[in-house]
Amino acid sequence: MMEITEIEEEAALDNIKSGERIDDRDLKEFRDIEVVTGVAKKAEGSAKVVLGDTKVIVGVKFGLGEPFPDTPDEGMLMVNAELGPMASPDFESGPPGKDATELARVIDRGLRECEAIPLEELCIEEGEKVWKVMVDIHVLDHDGNLMDASALGAIKALKEAEMPGYEDGEVLRDEGEDFEVLKTPIACTIGKVDDKYIVDPGLVEEEVVDGMVTVTWTEEELCSLQKRGNGGFQKEELLEIFELAKEKSSELRKFI
Amino acid sequence: MMEITEIEEEAALDNIKSGERIDDRDLKEFRDIEVVTGVAKKAEGSAKVVLGDTKVIVGVKFGLGEPFPDTPDEGMLMVNAELGPMASPDFESGPPGKDATELARVIDRGLRECEAIPLEELCIEEGEKVWKVMVDIHVLDHDGNLMDASALGAIKALKEAEMPGYEDGEVLRDEGEDFEVLKTPIACTIGKVDDKYIVDPGLVEEEVVDGMVTVTWTEEELCSLQKRGNGGFQKEELLEIFELAKEKSSELRKFI
Amino acid sequence: MMEITEIEEEAALDNIKSGERIDDRDLKEFRDIEVVTGVAKKAEGSAKVVLGDTKVIVGVKFGLGEPFPDTPDEGMLMVNAELGPMASPDFESGPPGKDATELARVIDRGLRECEAIPLEELCIEEGEKVWKVMVDIHVLDHDGNLMDASALGAIKALKEAEMPGYEDGEVLRDEGEDFEVLKTPIACTIGKVDDKYIVDPGLVEEEVVDGMVTVTWTEEELCSLQKRGNGGFQKEELLEIFELAKEKSSELRKFI
Amino acid sequence: MSEDKELLKDGKRIDGRAKDELRDMEAEAGILKRADGSGYFRMGGTEVIASVFGPRELHPKHKQKPQRGIIQCRYNLAPFSVDDRKRPGPSRRGKEIGKVAEGALSSIVFLEEFPTATIDVYMEVISADAGTRCVALNAGAIALADAGIPMKGLISSCAAGKIEDTPVLDLKGEEDKDGQVDLPIAMNIETGEITLLQMDGMTDIDEMDKMLDLAIDGCEKVAEKQREALMETFGDKK
Amino acid sequence: MSEDKELLKDGKRIDGRAKDELRDMEAEAGILKRADGSGYFRMGGTEVIASVFGPRELHPKHKQKPQRGIIQCRYNLAPFSVDDRKRPGPSRRGKEIGKVAEGALSSIVFLEEFPTATIDVYMEVISADAGTRCVALNAGAIALADAGIPMKGLISSCAAGKIEDTPVLDLKGEEDKDGQVDLPIAMNIETGEITLLQMDGMTDIDEMDKMLDLAIDGCEKVAEKQREALMETFGDKK
Amino acid sequence: MSEDKELLKDGKRIDGRAKDELRDMEAEAGILKRADGSGYFRMGGTEVIASVFGPRELHPKHKQKPQRGIIQCRYNLAPFSVDDRKRPGPSRRGKEIGKVAEGALSSIVFLEEFPTATIDVYMEVISADAGTRCVALNAGAIALADAGIPMKGLISSCAAGKIEDTPVLDLKGEEDKDGQVDLPIAMNIETGEITLLQMDGMTDIDEMDKMLDLAIDGCEKVAEKQREALMETFGDKK
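Chains as they are written, first to last, in the working numbering: chain A, 79 to 334; chain B, 79 to 334; chain C, 79 to 334; chain D, 41 to 278; chain E, 41 to 278; chain F, 41 to 278.
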């Protein structure tokens, strides 16, 4: 079990200040990335993302539900994240806490704001019955930057998903057809220490950066921002971060 | 932050025994009272009650619901109280505990037993759809006697409420008309120390009295009683308390 | 209050090893058993089981519900157990924990697997309305072997139950008729210490046995098994235990 | 409260009782082994079993009071104690009754003898036909005495009420449902102090006076039954 | 976000404001007695009351940090603060806002002075008409200052947004609902550091630049209001 | 359990297996970094990942046992592991399986070496096609070994069952659903002791005898797979 020590934190900080990383990466370099699909056989779509030692499985399930009263002709998108105790000695059993909730909601907004999922095509009977697209993020091993790994897994699992058939109120899981996804939002988290920016912060780095921003880009536009951690950013720094995130997100986009 | 000390408790007790109060009131005198309405703009009715340093906001919302099976032609009244952590170092986050539950239920009974709200006029479609009148008590600052402050706020907010319109299953919040309230139940809490009675016990006094009785009077009748705290009362004392509460409740009634 | 001490545990163990019991029973002897019915007047059926100092009340209530989608023409059986704090200093308030859940589920399976309750006869309107048979196990005093006491109470309460009438969506509790139960599953728990088997383990014995198996027999067949506690059993031991449980369960069956 | 049914006829109530008559009672002490003390009380169709644990350490520690112990009451309806099965778990009503029970029982225990401790009183309603909080307190008081907790007196409880504009003692189910007032009290039998008092319904002080008299007399009769049960156990223990 | 309504007409917004104009504001400090510090902030129809308790011991103990204190924020909508009554209890949205508020406020407090402690900031939304997290932070920052917590600066917050392809300041309810982008920020007024930043909606960097400028100017105006409120209380205390 | 489908044809099962044949298996150890130990096990379409943390301090402290450590198991179905998404959070079924898993694993660990401590075993079902508790235990046992916890042996688990009145090994989804008996066991491979045993369905002792033999043989084969996985990791670490 790896508990983070002060010595590790200092090492991580000193490294970044001198332009290096504790794991010998460049400041703007991702850890090794692997994306595997079809890992959860009962899910309509699934993807496992390995980002260094961080491991996340995202599963997509389709179900039936009643639409929200204010959008009677639209399907529903739900994103949920569980930071279960298996993934870290710091996680506890119980309902999602602040971290899991933030993780799910940032990824939800990334998908929702750019209208990646055509919700209006998921209506079966207006006001009565629509498809629910349920995206579950399951963290297996938390070694930092769950945000980017989970967002990548979510859009990958959605793109791989087979949409089940429907007949007389029943979901026909044996009859799948490709599920249409319109955009590819990619989250990229940039951390800052003094005047240095780092990409893909690891577990210890997340603790020592002055702050982080998770920037979600579609192919052309910004669709979601979330500043995280305790520090702050000057406006000019933010604009640099948005550009850097755009550039680096194209590396992640290759895995889709 | 004001934690109650033993010295304060002793001072409060000694004062009452010698016919005085720690805050220089007479035994049967309320603290300064202020009642302001329209304080929560989204509520159909609201009132803020300031009783010394105790501050309570009560908001009334109308909504639609299915009636209870045993009263298919009646609307529903719900009273809820939250003793959130903002109001006192002794309050914790989480579902309502015993104190909040007692507070809500005593006020609920005060309104219900005298039939202050004409529930049978709140039926829209028998057995199918009725109005729900939801009274939420939100404590901002707890310096004692939440019961009287909250009950006063509840009846005041109800009397000020505008009832929304209804059309085709929708609540029309822009079309309000005056909401009818039939009675004005007023709660008045009397504490006892030896042979002395006090009105409107403050925070420290609540801890040291032999016991308290919250007496709710309409214009003419007793409609609810709740003995509180650990001590006891002789029957004759109770009868005196009921009369005293009637007399003092007329002072509170002026704020309605 | 009886907290279990190490000395008691050693005594219990030593006794069994020398073929005796701390309460002077034979290894294969039950404690005194008493079964009383009709103990909960509002229940449609109820039974109190006293097994030594262990006391359990089981109540059966009938209600209406919507059937499960995959069994639209069957009634529903629910078994619930509460190990409330009144019964033992080790029990806490709150939702059922692992012990209560195991207790309820083992008894549920005992009833369900042998089809003791004819669920298909409890359908009122296919897919819409069926009877729910709700069996609640309420432990009053936990002195060991809740499993056998509760299972005995459950089948006894079901056999004693009067099924209410039904008319126009209403339950008519005044019009009862005998409720049909098709089988009589009896749970019998056997504990092991070295090569010794004990029947009806008491509270302290449960802590010291190498393991226990709760074996549920109908009149002719095994319908449920649950190995409990930390130890293990050789296959041959298990077969002996199944036979012993069959033999001993006939003693319990006399109380039905 | 509506008044659809005829609840009084020729001065008699639906179950034949006089206006100032309690339902039949049954009481027992020391009925459970694991608890430090236990009690059973029945009034008509309402039955409660109570157990007491403690004085014992209060968790979490930062809730302990340095000068005195506390009493914690849990009042719970068994799922099968009412017509429509009650979902297990705490209800708003149960929480409130737990609190007023604490207020009623705390005054008779020498709590200053148990700094930092808790005495836990669990009251389980097995069958509910009105008056459950009173019967629960009667069982709880027996359990406290059975546990050997040092006490200043005995708490006894019953309710008065008003049906068809007439004060009566100890409402049963239908009377409670269709009656006008329910007034449960609990009393310290040694001192006459009323330690629980609740009231729903509309009344004036004159009627209140009469109902209190009825209820106080009722408590005295309850106390006799409680004492009998305790004497019997005390006898057993010798 | 759809665009059904006309939100801009002749350069004016539905409530007559210019594009770079905040709603009217009101601020007050020291409004509660029991809390260590308290604050009130209103922007148009959005009102929040905040209270601060601490520094005080963090429970459970194994969550304490040996080197520094922590800030815990609770953001809560009063049940009557929205059109359809909000069920009490934590929501996913509220949890997230609590977390970003912690991130925004932690940077200004000298937390290293309070090892093992917590400073609890409670923000209760009394009336919600968009911008609730910003108004909550403004009230919370006043409450922290009122509590005398040693701080490096003042946090001020407001949102910019985009409606009808035009960057504007401080969206109100209808603008938020039918607008294209919502960009709430919070800023350390002394250093210009942005300590809260969230964004929903589609935009490019050029528009983002303009919206950030609007929001930064807005924060400066908010800060004036906060300072006034604090000066007034400080005056009172003399 | 009904018997609508033909589950056995010419001595072969729906997936072509013989009656005493396990589904294909896959096992791996040491797949996670943060956990003290981890394991993966797959049997046919059922996949489980397990992690182990500890021995570590048990909270709250008053639950610690002075003489020996305890094992706490959490069994959880991922929301996407079943046909209809499973709502996150503990289920009754999951709680029971956690308990029997604790009973199965506790017997092989030298718990007396870890007074007051807990060893936490987390088992996450990624894909569920019958036999999840067995596969979970197989992954959990690998994780315990990978964590270097001193153990008396290896726990291996599989189920036997009865379909069309015939005892068979290792039911898959459709067989479980339409079969007559499900008999999951876990076994200490060193001693042959059965440490988990559950059974649903109707059977006599003769059939039980045969099913136990099948399951015991199955456990031996499972153990080989577990050992391979552990050897591989052990090799890696050199």
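For glycine and all other residues, C-beta sits at the position ideal for the given N, C-alpha and C.
message: Using DSSP's beta-bridge definition, name the partner residues of His216 of chain C.
response: Here residue 216 of chain C refers to the residue found at position 138 of the third sequence. For His216 of chain C, which the question treats as bridged, DSSP gives the partners C:Ile135 and C:Glu160.
message: What residue range does the alpha helix (DSSP H) around Met225 of chain A cover?
response: On the first sequence, position 147 is the one that residue 225 of chain A refers to. Run containing Met225 of chain A: Leu224 to Glu238, per the alpha helix (DSSP H) assignment.
- prompt: chain C beta carbons: is any one of them nearer than 8 Å to that of Met191 of chain F?
  reply: Translated into positions along the sixth sequence, residue 191 of chain F becomes position 151. No, no contact with chain C.
- prompt: Within 8 Å (strictly less), CB to CB, does Lys207 of chain A reach chain F?
  reply: Looking up residue 207 of chain A in the first sequence gives position 129. For Lys207 of chain A, the answer is no, since every Cβ of chain F falls outside 8 Å of its Cβ.
query: In whole angstroms, what separates the C-alpha of Val128 of chain B from that of Ala125 of chain C?
result: Taking the first residue of the second sequence as position 1, residue 128 of chain B is located at position 50. Taking the first residue of the third sequence as position 1, residue 125 of chain C is located at position 47. Their backbone Cα atoms lie some 55 Å apart in a straight line.
- prompt: Is the segment 113-126 of chain E close to the segment 196-208 of chain E, with three or more CB pairs under 8 Å?
  reply: no
- request: For Leu236 of chain E, decide whether its Cβ has a neighbour in chain A, counting only Cβ atoms nearer than 8 Å.
  value: For the purposes of this step, residue 236 of chain E is taken as the residue at position 196 of the fifth sequence. Yes, because at least one Cβ of chain A sits closer than 8 Å to the Cβ of Leu236 of chain E.
- prompt: So which residues of chain C does Met248 of chain F contact, with C-beta pairs closer than 7 Å?
  reply: Here the question's residue 248 of chain F lines up with position 208 in the sixth sequence. Going along chain C in sequence order, the residues near Met248 of chain F (Cβ under 7 Å) are Leu300 and Phe320.
message: Across the segment 298-310 of chain C and the segment 236-243 of chain F, are there enough close Cβ pairs to call them in contact, namely three or more that are closer than 8 Å?
response: yes
- prompt: How big is the Cα-Cα spacing for Ala89 of chain C and Met191 of chain F?
  reply: Reading the third sequence from its first residue, position 11 is the one you call residue 89 of chain C. Reading the sixth sequence from its first residue, position 151 is the one you call residue 191 of chain F. Roughly 28 Å separates the two Cα atoms.
Gly70 of chain D versus Ile89 of chain D: straight-line alpha-carbon distance, rounded: Here residue 70 of chain D refers to the residue found at position 30 when the fourth sequence is read from its first residue. Here residue 89 of chain D refers to the residue found at position 49 when the fourth sequence is read from its first residue. Their Cα atoms are separated by approximately 11 Å.
- prompt: Who pairs with Thr206 of chain D in a beta bridge, going by DSSP?
  reply: Position 166 of the fourth sequence, counting from 1, holds the residue named residue 206 of chain D. The partner list for Thr206 of chain D (beta bridge, DSSP) reads D:Ile203.
message: Which residues in chain C have a C-beta closer than 7 Å to the C-beta of Lys139 of chain F? List them in chain order.
response: Within the sixth sequence, residue 139 of chain F is the residue found at index 99, counting from 1. Residues of chain C passing the Cβ test: Lys176 and Glu180.
query: Which of the three DSSP states, helix, strand or coil, is assigned to Ser146 of chain E?
result: Along the fifth sequence, one-based indexing puts residue 146 of chain E at 106. Three-state result, Ser146 of chain E: helix.
task: Assign Cys113 of chain F to one of three DSSP states: helix, strand, or coil.
output: Looking up residue 113 of chain F in the sixth sequence gives position 73. If DSSP states are grouped into helix, strand and coil, Cys113 of chain F belongs with the strands.
Short Cβ contact (8 Å threshold) for Thr179 of chain C with Met225 of chain C: On the third sequence, residue 179 of chain C is found 101 positions in, with the first residue counted as 1. On the third sequence, residue 225 of chain C is found 147 positions in, with the first residue counted as 1. Their beta carbons are not under 8 Å apart, which means Thr179 of chain C does not touch Met225 of chain C by this criterion.
field: Within 8 Å, strictly: CB atoms of Thr235 of chain E and Ser131 of chain E
entry: In the fifth sequence, counting from the first residue as 1, residue 235 of chain E sits at position 195. In the fifth sequence, counting from the first residue as 1, residue 131 of chain E sits at position 91. No, the Cβ-Cβ distance between Thr235 of chain E and Ser131 of chain E is not below 8 Å.
message: So if DSSP puts Cys266 of chain A in a beta bridge, which residue, or which two residues, is it bridged to?
response: Reading the first sequence from its first residue, position 188 is the one you call residue 266 of chain A. Beta-bridge pairing links Cys266 of chain A to A:Val293.
- request: Specify the secondary structure class of Val277 of chain A as computed by DSSP and reduced to three states.
  value: For the purposes of this step, residue 277 of chain A is taken as the residue at position 199 of the first sequence. Looking at Val277 of chain A - three-state DSSP - the assignment turns out to be strand.
Endpoints, alpha helix (DSSP H) assigned at Phe81 of chain E: Here residue 81 of chain E is taken as the residue at index 41 of the fifth sequence, counted from 1. It is not in any alpha helix (DSSP H) - Phe81 of chain E instead sits in the beta strand (DSSP E) that spans Gly77 to Met83.
- prompt: Any idea what DSSP makes of Leu181 of chain A, helix, strand or coil?
  reply: Residue 181 of chain A sits at position 103 when you count from the first residue of the first sequence. Leu181 of chain A: helix per DSSP, three-state reduction.
field: Straight-line Cα distance separating Gly269 of chain C from Glu284 of chain C
entry: Taking the third sequence and counting its residues from 1, one reaches residue 284 of chain C at position 206. Taking the third sequence and counting its residues from 1, one reaches residue 269 of chain C at position 191. C-alpha separation (whole angstroms): 8 Å.
message: If we define contact as Cβ-Cβ less than 8 Å, is Gly56 of chain D a contact residue for chain B?
response: Here the question's residue 56 of chain D lines up with position 16 in the fourth sequence. For Gly56 of chain D, the answer is no, since every Cβ of chain B falls outside 8 Å of its Cβ.
message: Can you check whether the C-beta of Ser166 of chain B is within less than 8 Å of a C-beta belonging to chain E?
response: On the second sequence, position 88 is the one that residue 166 of chain B refers to. Yes, because at least one Cβ of chain E sits closer than 8 Å to the Cβ of Ser166 of chain B.
- request: Just the C-alpha distance for Pro100 of chain E and Trp209 of chain B, rounded to the nearest angstrom, thanks.
  value: Counting from one through the fifth sequence, the residue named residue 100 of chain E turns up at place 60. Counting from one through the second sequence, the residue named residue 209 of chain B turns up at place 131. Cα-Cα distance, rounded: 43 Å.
message: For a cutoff of 8 Å on Cβ pairs, would you count Asp216 of chain D as touching chain B?
response: Along the fourth sequence, one-based indexing puts residue 216 of chain D at 176. False, the Cβ-Cβ gap to chain B never drops below 8 Å.
task: Use the C-beta contact count for Ala58 of chain D: other C-beta atoms within 10 angstroms, 16 or more gives buried, fewer gives exposed.
output: Your numbering for residue 58 of chain D matches position 18 in the fourth sequence. Answer is exposed; the Cβ neighbour count stays below 16.
message: Tell me the residue span of the alpha helix (DSSP H) that contains Leu316 of chain A.
response: The residue given as residue 316 of chain A occupies position 238 in the first sequence. That run of the alpha helix (DSSP H) goes Lys313 to Arg331.
message: If you follow the alpha helix (DSSP H) that Gly180 of chain E is in, where does it begin and where does it stop?
response: Stepping through the fifth sequence from its first residue, residue 180 of chain E is reached at position 140. First-last of the alpha helix (DSSP H) with Gly180 of chain E: Thr172 to Asp186.
query: Among all the DSSP beta bridges, which residues are the ones paired with Phe93 of chain F?
result: The residue labelled residue 93 of chain F in the question sits at position 53 within the sixth sequence. Partner(s): F:Asp160.
task: List the residues of chain C whose Cβ lies closer than 8 Å to the Cβ of Glu164 of chain D, in chain order.
output: The residue labelled residue 164 of chain D in the question sits at position 124 within the fourth sequence. Going along chain C in sequence order, the residues near Glu164 of chain D (Cβ under 8 Å) are Gly162, Met164, His216 and Leu218.
field: Interface partners of Glu55 of chain B on chain D, CB under 7 Å
entry: The question about residue 55 of chain B has no answer, for chain B in this structure spans 79 to 334.
field: Interfacial residues, the segment 288-312 of chain A to chain E, with Cβ spacing under 7 Å
entry: Val291, Glu299, Leu300, Cys301, Ser302, Leu303, Gln304, Lys305, Arg306, Gly307, Asn308, Gly309, Gly310, Phe311 and Gln312
message: I want to see whether chain F comes within less than 8 Å of Leu236 of chain C, judged by CB atoms only; does it?
response: One-based indexing of the third sequence puts residue 236 of chain C at position 158. Leu236 of chain C does not count as touching chain F.
field: Stretch-stretch touch, CB-based, cutoff 8 Å, three pairs: the segment 162-172 of chain A with the segment 190-199 of chain A
entry: no
message: Looking at the secondary structure, which residues open and close the alpha helix (DSSP H) in which Leu91 of chain B lies?
response: The residue you call residue 91 of chain B lines up with position 13 of the second sequence. Run containing Leu91 of chain B: Glu84 to Lys95, per the alpha helix (DSSP H) assignment.
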